[in-house]
Amino acid sequence: MKKVARIVLIFLGVILFLVGGIVVYRKLQPAAFINQSIRFQNKLNIPSILMPRIVNGEKVFDLSVNEKETEIIPGTTTRTLGYNGSILGPTLRINNGDNVRIRVTNNLHEDTTVHWHGMLLPAKMDGGPHQTITTGSTWEPYWTVKNEAGTLWYHPHTLEKTGEQVYQGLAGLILIDDKNSESLSLPKKYGEDDIPLIVQDKKFDAHAQFIYDHSHMIPVTTGFLGDTILVNGTYAPYVQVPAKLVRFRILNGSNARRYNFGFSDSRTFTQIASDGGFLQTGVERTRLQLSPGERAEIIVDLSGQTETLTLLSYPVIGDTNIVRSFALSALAGGSDEYQEFKILELRPQSGNFAKSEIPHVLNTILYLQERDAVKTREFDLDSASINKKKMDSSRADEIVRKGDIEIWHVSNDSPMYHPFHIHGIQFQVLSRNDQKPALYEQGWKDTITVNPGDSVKLIMQFMEDSDPTNPFMYHCHILEHEDMGMMGQFVVVDKDVREEDIKINSSNMGQGMMH
Ligand code: C2O
Ligand code: CU
Ligand code: CU
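Numbering (this note's numbering), first residue to last: 1 to 515.
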């Protein structure tokens, strides 16, 4: 008995010593974030909107993937990757019902893929790890837009290289419009009162080059965490906004970092959309926490505002065991997720603006019913695996029948959070820890934060084209976890397809990617 007590005491002592050491260490260090000590005086870059060509009734978009240089920190240049331009990519703006075709040419010295995150489309158009675009070649996916109005995004999904390629600059937005979004009276002047914000963290070396250091060696890793926040690729940004209702479409495009967004005066704002479209009605909030891959649209009322306001990230919440999470996270370099730091400065411009209000009804969401689900699947998240399995590109982890409504029950027994993402569908949250989800989680989503100890029940209907050879992915959207194999594959096939006829074609994976 005494022995046990002694061991426990020693153990507690070690923990206290570690945590104490980290706290002291951090106090001795100057501010971890470069952003905190500088003035925000760079004009926020707004990604341009890519104009399509109309060919045979299709909207054809041309994207090229390039290695270039970008002036991020004024007076220096950083080697970056970009779609068309030198960093990030143009915004694709499409309508529900459009026939789109995208010609993606890979000018990189390595393979890549382009994934349309959140899009409802056939697996072979999805741009997952199986749709490799080899160096110098062009990939040409096409589909009819089934998604409702919302803010989606595109990014590489190259096997084991997603983190690196996204980090070097590859990501862009997709804005979908439909009859509903057109009829709603909401701010919708792109870049003026409807402003996209792609929020990412980076680390620079002394020569202003990106550093991508994270360890594949430690079994428990937070993933890459940078010390400098960029918004739309802009360092220390400000934006001029009209002193009226202003809409922000926020994408957490970071590899691993969470943000707990809020304004410097902690004012209330209204969340109007989640990942896959408008909420039924706006939800008033003072904080908005987003994990990598998640999007939200918010409206902030700046009527009569003359003073500068700052968009901040407040300390993140949701880690059930704060001491454990803090210690773990600090050891992995991530304790700054519990700090407060600046994201973007808003400079309101007065003018003659008509008084406007956010419409009460934003959307009509048909809720899928638990009793209609034909199957429940369990997904247990570990520190870097799902159901104790690592990604295997030739294995169909799950076989789903087209048209079925299913419940995916995702639980996290690991000491850290994981954002769980599913391709090819938008889902609804049935429950979080057996409770009805918060109002802001009652809309369409494709990525969901699963905190340590959490269990979430998701419901979805699989309507995409069946394909016994091309799988869809589900994975953790901490890109380092994804690259470490925290990813699985599912096929959606017609009812009459026999299991033995399902053969995933893994020869379509890039060369040099297979080990
Ligand atoms: Cu945004 Cu499979 O990813
Ligand atoms: Cu995706
Ligand atoms: Cu993860």
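Beta carbons: idealized from backbone N, C-alpha and C, even for Gly.
Residues with their Cβ less than 6 Å from any non-hydrogen atom of ligand 2, running along the chain, are H115, H117, H421, H423. Those residues having their beta-carbon less than 5 Å away from any non-hydrogen atom of ligand 3 are, in chain order, H418, C476, I478, H481. For H481, the three-state secondary structure derived from DSSP is helix. Spatial neighbours of D205 in its own chain (CB-CB distance under 8 Å, excluding positions within 5 residues in sequence) are listed in chain order as I211. Approximately 17 Å separates the beta-carbon atoms of G262 and R295; this is outside 8 Å, ruling out the contact. Within the model, the alpha-carbon separation for N66 versus G75 is close to 22 Å. Taking the Cβ atoms as the reference, Q426 lies roughly 7 Å from L120, within the contact range of under 8 Å. In this structure V374 is exposed. Its beta-carbon is surrounded by fewer than 16 other beta-carbon atoms within 10 angstroms. Of the residues assessed, Q289 falls on the buried side of the cut-off, its CB having 16 or more other CB atoms within 10 angstroms. With contacts defined as CB atoms closer than 8 Å, P419 and I448 qualify as a contacting pair. The DSSP-derived three-state label of Y440 is helix. Within a 10 Å sphere around the beta-carbon of P315 sit fewer than 16 other beta-carbons, which makes this residue exposed.
Ranked by Cα distance from E345, the options L309, V450, R103 are led by L309.
Here the segment 165-176 makes no contact with the segment 486-500; the two share fewer than three CB pairs at distances below 8 Å.
The segment 450-463 and the segment 477-488 do not touch, with fewer than 3 CB-CB distances between them shorter than 8 Å. The C-beta of L366 has fewer than 16 other C-beta atoms within 10 Å across all chains shown, which makes the residue exposed. A Cβ-Cβ separation of about 20 Å leaves F472 out of contact with D111 under the 8 Å criterion. In this structure, DSSP gives V374 a state outside helix and strand, which the three-state scheme calls coil.
H423 counts as buried, since at least 16 other C-beta atoms from the protein chains shown sit within 10 angstroms of its C-beta. Using a 10 angstroms sphere on the CB of Q369, the tally of other CB atoms stays under 16, which defines it as exposed. Distances between the C-beta of G293 and the heavy atoms of ligand 1 include at least one below 7 Å. No Cβ-Cβ contact shorter than 8 Å links H421 with G277. Rounded to whole angstroms, the separation of the alpha carbons of S385 and T222 is 14 Å. L458 has its alpha-carbon roughly 28 Å from the corresponding atom of R247. When the five nearest sequence neighbours on each side are left out, the beta carbons in the same chain lying within less than 6 Å of the beta carbon of E284 are those of T268, T270, in order along the chain.
A distance criterion of 7 Å places the beta-carbon of H130 beyond contact range of ligand 1, judged by its closest non-hydrogen atom. Taking all protein chains shown into account, D397 has 16 or more neighbouring C-beta atoms within 10 Å of its C-beta and is therefore buried. Exclusion of M51 from the 7 Å shell around ligand 1 follows from its C-beta lying no nearer than that to any non-hydrogen atom of the ligand. Within the chosen limit of 7 Å, ligand 1 does not reach the beta carbon of M460 with any heavy atom.
By the criterion of a C-beta distance shorter than 6 Å, D301 is surrounded in its chain by L245, once the five residues flanking it on both sides are discounted.
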